[in-house]
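*Asks:* Before anything else, here's the structure in question.
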Amino acid sequence: MKLSIKKGDFVKVIAGADKGKTAQIVAVNADNGRVIIEGKEIGQLKKAKKARKSTDVSGLVNINKSVDASNVMPICGECGKATRVKHALVDGKKVRVCGKCGAVLETKKKEEKKAKATVRKRTKKAAAPVEAPVEAVAEAPVSGDATVSE
Ligand SMILES: [Zn+2]
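Quick note on my numbering: the sequence shown kicks off at 2 and runs consecutively.
Set out below in structure tokens:
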């Protein structure tokens, strides 16, 4: 089974117990079509594990939840929305693109982190003004501000 979800993707859970939460894919099982997700909001399952080797310790271990791949949608790093994946050819290579804005969905780590930060911001402050642009803050006159705030 070919999945459009890849390890390292940030995804939104669209069905099941964790519906609406965001998570990161830590593993993909192409055989049964399930993905293992990890995230602050997601939580973990406890599993009793018996020591099988002398180096093992018996007890409860935390394991990441797994969900069906169809229950998650990748979050686009460009537009920050959960999207269906489309495919396109770029330089002869098949790449995944966002179905909403057409940006290529990257799986590089740095860009994922950026995407995650954007998503969190938007989900938390849904009603409030979305982002304070960094450039605007930097451009604001320094001299006037200090006196006003005191
Ligand atoms: Zn997009």
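Idealized CB from N, CA, C, for every residue including glycine.
For Glu107 and Arg97, what's the separation of their Cα atoms in angstroms?
*Replies:* When rounded, the distance between both Cα atoms is 8 Å.
*Asks:* Pull up the CB-CB distance for Gln12 and Ile76, whole angstroms please, since I reckon it's below 8 Å.
*Replies:* Note that residue 12 is Val in the sequence shown here, rather than Gln. About 6 Å; that satisfies the 8 Å criterion.
*Asks:* I need the DSSP call for Asn33, collapsed to helix, strand or coil.
*Replies:* Asn33 falls in the coil class under three-state DSSP.
*Asks:* Any heavy atom of ligand 1 closer than 7 Å to the beta-carbon of Thr84?
*Replies:* Thr84 Cβ: within cutoff of ligand 1.
*Asks:* I'd like to confirm the pairing. Which residues does DSSP put opposite Thr23 in its beta bridges?
*Replies:* DSSP output for Thr23 lists Lys13 as bridge partner(s).
*Asks:* Answer yes or no: the CB of Lys101 versus the heavy atoms of ligand 1, is any distance below 7 Å?
*Replies:* Checking every heavy atom of ligand 1 against the Cβ of Lys101, one is found closer than 7 Å.
*Asks:* Let me know the secondary structure DSSP gives Ala83 once reduced to three states.
*Replies:* Here Ala83 sits in strand by DSSP.
*Asks:* Using a Cβ-Cβ cut-off of 7 Å (strictly less than) and excluding sequence neighbours within five positions of Ala89, which residues of its own chain qualify?
*Replies:* Excluding residues within five positions, the ones whose Cβ falls inside 7 Å are Val96, Val98.
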